[in-house]
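A.B. asks: Take a look at the following structure, please.
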Amino acid sequence: MSSYEPGSFRDPGSAVFLAGDKILRGLSSDAAADYDRLSGTSFFPRLMASGRIVGTTTHEGEAPPSPRGTPWARVLEHERIPVVSYPYEWPFAMLREAAALQLEVLAAALDENMSFKDGSAYNVQFFGSRPTFIDVGSFEPAFGPWPGYRQFCQTMLFPLMIQAHLGVPFQPLLRGGVDGLNPSDVAGMFSGLNRLRKGVLRNVTLHSLLERRVGTGSEKVKTELEASGFSTEVAKATVRNLAKLVAGLEVRRRGSTWSDYRDTCSYSDGDAEAKREFVRSALSAGEPGLVLDLGANDGAYSRLAAEQASYVVAVDGDELVMDGLFRTLRSEGNENILPLVMNLVDPSGGLGWRNRERAPFFERVRPDVVLALALVHHVAIAANVPLPEVVSWLRSFGGRVIVEFVDVDDVQVKRLLANKPPGLFDDYGRDAFERLLAEQFLVHEQQRLPNGTRTLYLAEPKP
Amino acid sequence: MTIGYLDPGSGSLIASAVVGGAAAAGVAVRQARHRLASKFSRKRSEAETTPPEAESAAEPATTDT
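Keeping their order, the protein sequence lines are chains S and Y. Quick note: the first sequence uses the numbering used here, first residue 1, plus one each step. Quick note: the second sequence uses the numbering used here, first residue 1, plus one each step.
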């Protein structure tokens, strides 16, 4: 039995299915011919071997059903991505790496007269900090300009430029629409001297102008470009120039609320060591296959978890902190910690066609263990989420939880309460938390840290 | 060969060529010239109170590439 991946319907020539634990891709007869051509190139096996293109083999078993009714001519099997993430969950440097990879694969393809049908950011996924190109169905023989340039601009280049040149984070904008940002909207954001910033005149201003003014159909424009001497060499130059532009985009960073948390947090060395020891021992209590670290900050506990888990998803709402974590992990070549940016009280929802094209975050990740360290007080007090809701939320992941509760008399909680009217959180307390936890979980271990205001629990969901 | 499923956008195709530093910028110039020519022929037609049939007769010249 196989289920259709709702994000892969746009290309009639190819669709992705989940069959048991296998990821399959059906190809139409035309797409199968393109795949044969792709298989004959030298870049395809080379980039697969280096992990830049997702591992792909021909599947000999039963073919999945086709959403359009025409049977598949060929079925491929892909290496599985441990946890699927989307560009609106990536920090700046992660989207930039993904864009650079997409251009690198395209440049290699153009060298052997192959190109992409599209250019979406959703064509890239991550193994930890390593990006990989997943849309093997996108390769086609090169002909004329790259048809994916617009999609590339909308979902990769414009978001990067907006953050690099204007200091505006792209994540909320990308989350606003599955097709990204269109050229005329972006042109409206670049006014005055900002139009002179790197890459803006051609990719944004001129692009938006041409989009409004050129009324001729795109097939005719292709023919005109051909008549004007457009060759694969021009497409290669386009990709080269884009790669140079992307590599030069950088954000100017100031500090953020959480960027120096590790240096300014209230833990003594004794507390920090006791906490690490508790977490390490709690993780070893069972098979921690997939760990979800909620409020991961600099990833210290994600790294601890990664010593035992096969994969760790580190989530935090602070883009600056996650960007730093991504850069460090990338420089280390880490492939089993996936750093994502997300406000945990406003996580990514369903996007695109019927809200199913891009699944909500918490449907994509089913962890064996959840780490919720120094998190509950933020969710309960800063975001006003009632304590019973917080505990139900932790229960909803279905896995074991390693959770820390911080008492009202802790300096951090006092700081949070100082911003709220008195009396609003009288129900916030360790006794109430422990009662709620015991209703839904079996608490296997608990330990008060030496400072006396923080307690750690290892809890397993009640059947 | 598969026909691309995506409408690449006419303006985007030309913009991508310009990003490639192409002589294909010539296409943009030609497109602009067509538009100017058609505007010009319309204005002249109006000024000379040319009947609509004559105006449409001028069309092929402006769409030739």
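Glycine included, C-beta positions come from ideal geometry on N, C-alpha and C.
#1: In three-state DSSP terms, what is S:Arg130?
#2: Contact check, S:Leu38 vs S:His59 under 8 Å by CB: the rounded distance?
#3: Counting along the chain, where does the beta strand (DSSP E) carrying S:Thr57 start and finish?
#4: Compare the C-alpha of S:Lys244 against each of S:Val312, S:Asp269, S:Glu104, S:Val385 and name the closest.
#5: Report the rounded CA-to-CA distance for S:Asn113 versus S:Ala300, giving the unit in angstroms.
#6: How long is the line joining the alpha carbons of S:Pro360 and S:Val178, rounded to whole angstroms?
#7: Using a beta-carbon distance cut-off of less than 9 Å, what residues from the region 206-217 of chain S approach chain Y?
#8: Counting along the chain, where does the alpha helix (DSSP H) carrying S:Val105 start and finish?
#9: Any C-beta of chain Y within less than 7 Å: which residues of the region 189-206 of chain S qualify?
#10: Cβ of S:Ser115 within 8 Å of Cβ of S:Thr155?
#11: For S:Lys420 and S:Leu456, I'd like the C-alpha separation in whole angstroms.
#12: Quick check for students: name the residue ranges of the beta strand (DSSP E) that lie wholly in the region 265-340 of chain S, counting only runs of 3 or more.
#13: Based on the DSSP secondary-structure assignment, which residues constitute the bridge partners of S:Glu445?
#14: Thinking S:Ala98 and S:Trp90 are a contact (beta carbons under 8 Å), I'd like their distance in whole angstroms, please.
#15: Considering only DSSP beta bridges, list what S:Ala187 is partnered with.
#16: S:Val345 and S:Ala380 - do their beta-carbons sit closer together than 8 Å?
#17: Can you check which of these residues, S:Tyr428, S:Ala432, S:Asp111, S:Ala93, is closest to S:Leu251 by C-alpha distance?
#18: Among residues of its own chain, excluding the 5 on either side of S:Pro347, which ones have a beta-carbon nearer than 8 Å to its beta-carbon?
#19: Can you have a look at S:Asn355 and say buried or exposed, based on whether 16 or more other CB atoms are within 10 angstroms of its CB?
#20: According to the Cβ coordinates, are S:Trp146 and Y:Ser16 closer than 8 Å?
#21: Can you give me the C-alpha to C-alpha distance between S:Arg80 and S:Asn336, rounded to a whole angstrom?
#22: For S:Gly199, does the count of other Cβ atoms within 10 angstroms reach 16, so buried, or fall short, so exposed?
#23: For S:Leu290, which residues from the same chain have a beta carbon less than 6 Å from its beta carbon, with the 5 sequence-adjacent residues on both sides left out?
#24: Say the cut is 7 Å; is the CB of S:His59 nearer than that to a heavy atom of the ligand MN?
#25: Using Cβ-Cβ distances below 7 Å, what residues of the region 59-83 of chain S are close to chain Y?
#26: Quick check: the region 159-167 of chain S against the region 29-47 of chain S, are there 3 or more CB pairs under 8 Å?
#27: Tell me whether S:Lys275 is buried or exposed, calling it buried when 16 or more other Cβ atoms sit within 10 Å of its Cβ.
#28: So for Y:Pro60, helix, strand or coil by DSSP?
#29: Would you mind stating whether S:Trp72 and S:Leu27 have Cβ atoms separated by less than 8 Å?
#30: For S:Pro141, which residues of its own chain have a beta-carbon under 8 Å away from its beta-carbon, when the five flanking residues on both sides are left out?
#31: Consider the Cβ of S:Thr238: report whether some Cβ of chain Y lies at a distance smaller than 8 Å.
#32: How long is the line joining the alpha carbons of S:Gly452 and S:Gly286, rounded to whole angstroms?
#33: Measuring alpha carbon to alpha carbon, tell me which residue in S:Arg46, S:His78, S:Leu47 is nearest S:Phe17.
#34: If you scan the region 25-94 of chain S from start to end, which runs of the alpha helix (DSSP H) of 4 or more residues do you find wholly inside it?
#35: Does any CB atom of chain Y fall closer than 8 Å to the CB of S:Phe44?
#36: What do you get for S:Thr70, buried or exposed, if any count of 16 or more other CB atoms within 10 angstroms of its CB means buried?
C.D. replies: Here's the rundown:
#1: As a working mapping, residue 130 of chain S is identified with position 130 in the first sequence. Strand, per DSSP.
#2: Taking the first residue of the first sequence as 1, we reach residue 38 of chain S at position 38. Taking the first residue of the first sequence as 1, we reach residue 59 of chain S at position 59. Incorrect: roughly 16 Å between the Cβ atoms, too far for contact.
#3: Your numbering for residue 57 of chain S matches position 57 in the first sequence. 56-58 is the extent of the beta strand (DSSP E) around S:Thr57.
#4: Along the first sequence, read from residue 1 onward, the residue named residue 244 of chain S stands at position 244. Of the listed residues, the one whose Cα sits closest to S:Lys244 is S:Glu104.
#5: Taking the first residue of the first sequence as position 1, residue 113 of chain S is located at position 113. Taking the first residue of the first sequence as position 1, residue 300 of chain S is located at position 300. Between S:Asn113 and S:Ala300, the C-alpha separation is close to 45 Å.
#6: Walking along the first sequence from the start, residue 360 of chain S turns up at place 360. Walking along the first sequence from the start, residue 178 of chain S turns up at place 178. Between S:Pro360 and S:Val178, the C-alpha separation is close to 13 Å.
#7: Residues are counted here when their Cβ sits less than 9 Å from a Cβ of chain Y; for the region 206-217 of chain S these are Leu206, His207, Ser208, Leu209, Leu210, Glu211, Arg212, Arg213, Val214, Gly215, Thr216, Gly217, given in chain order.
#8: As a working mapping, residue 105 of chain S is identified with position 105 in the first sequence. That run of the alpha helix (DSSP H) goes 92-111.
#9: So the list reads Arg202, Asn203, Leu206, given in the order they occur along the chain.
#10: Taking the first residue of the first sequence as 1, we reach residue 115 of chain S at position 115. Taking the first residue of the first sequence as 1, we reach residue 155 of chain S at position 155. Taking 8 Å as the Cβ cut-off, S:Ser115 and S:Thr155 do not qualify as a contacting pair.
#11: Counting from 1 along the first sequence, the entry for residue 420 of chain S is found at position 420. Counting from 1 along the first sequence, the entry for residue 456 of chain S is found at position 456. Rounded to whole angstroms, the separation of the alpha carbons of S:Leu456 and S:Lys420 is 26 Å.
#12: Here the runs fully enclosed are 290-294, 311-316.
#13: Looking up residue 445 of chain S in the first sequence gives position 445. Its beta-bridge partners are S:Leu458.
#14: Counting from 1 along the first sequence, the entry for residue 98 of chain S is found at position 98. Counting from 1 along the first sequence, the entry for residue 90 of chain S is found at position 90. Correct: roughly 7 Å between the Cβ atoms.
#15: What you label residue 187 of chain S is simply residue 187 of the first sequence in a count that begins at 1. When DSSP reads this structure, S:Ala187 sits in no beta bridge, so it has no partner.
#16: Stepping through the first sequence from its first residue, residue 380 of chain S is reached at position 380. Stepping through the first sequence from its first residue, residue 345 of chain S is reached at position 345. No, the Cβ-Cβ distance between S:Ala380 and S:Val345 is not below 8 Å.
#17: Position 251 of the first sequence, counted from the first residue, corresponds to residue 251 of chain S. Note that residue 251 of chain S is Val in the sequence shown here, rather than Leu. The shortest Cα separation from S:Val251 among S:Tyr428, S:Ala432, S:Asp111, S:Ala93 belongs to S:Ala93.
#18: Position 347 of the first sequence holds residue 347 of chain S. So the qualifying residues of the chain are Pro360, Phe361, Phe362.
#19: Within the first sequence, residue 355 of chain S is the residue found at index 355, counting from 1. Its Cβ having fewer than 16 others within 10 Å, S:Asn355 is exposed.
#20: Here residue 146 of chain S refers to the residue found at position 146 of the first sequence. Here residue 16 of chain Y refers to the residue found at position 16 of the second sequence. Cβ distance < 8 Å, so S:Trp146 and Y:Ser16 count as in contact.
#21: What you label residue 80 of chain S is simply residue 80 of the first sequence in a count that begins at 1. What you label residue 336 of chain S is simply residue 336 of the first sequence in a count that begins at 1. C-alpha separation (whole angstroms): 13 Å.
#22: What you label residue 199 of chain S is simply residue 199 of the first sequence in a count that begins at 1. Buried, by the Cβ-count rule.
#23: Within the first sequence, the letter at position 290 stands for residue 290 of chain S. Within the same chain, S:Leu290 has close Cβ partners Tyr311, Pro367, Asp368.
#24: Judged by which ligands are present, the structure shown has none, so any question about the ligand MN falls away.
#25: For the region 59-83 of chain S, no residue has a beta-carbon sitting nearer than 7 Å to a beta-carbon of chain Y.
#26: Verdict: no, contact absent.
#27: Sequence index remark: in the first sequence, residue 275 of chain S carries index 275 (1-based). It is buried - the Cβ of S:Lys275 has at least 16 other Cβ atoms within 10 Å.
#28: Looking up residue 60 of chain Y in the second sequence gives position 60. In this prediction, Y:Pro60 scores a pLDDT of 35, lower than 50, which makes its location untrustworthy; no coordinate-derived value is stated.
#29: Residue numbering aside, residue 72 of chain S sits at position 72 when the first sequence is read from its first letter. Residue numbering aside, residue 27 of chain S sits at position 27 when the first sequence is read from its first letter. The answer is yes: Cβ separation under 8 Å.
#30: For the purposes of this step, residue 141 of chain S is taken as residue 141 along the first sequence, with counting starting at 1. Scanning its chain for C-beta atoms nearer than 8 Å, with the 5 sequence neighbours on each side dropped, one finds around S:Pro141 the residues Asp34, Arg37, Asn113, Met114, Ser115, in chain order.
#31: Numbered from its first residue, the first sequence carries residue 238 of chain S at position 238. So, interface residue.
#32: Indexing the first sequence from 1 puts residue 452 of chain S at position 452. Indexing the first sequence from 1 puts residue 286 of chain S at position 286. One C-alpha to the other measures close to 28 Å.
#33: By 1-based counting over the first sequence, the position of residue 17 of chain S is 17. Among S:Arg46, S:His78, S:Leu47, the Cα nearest to that of S:Phe17 is on S:His78.
#34: Correct list: 29-39, 43-49.
#35: Counted from its first residue, the first sequence places residue 44 of chain S at position 44. No - not a single Cβ of chain Y is within 8 Å of the one on S:Phe44.
#36: Here residue 70 of chain S refers to the residue found at position 70 of the first sequence. So S:Thr70 ends up on the exposed side.
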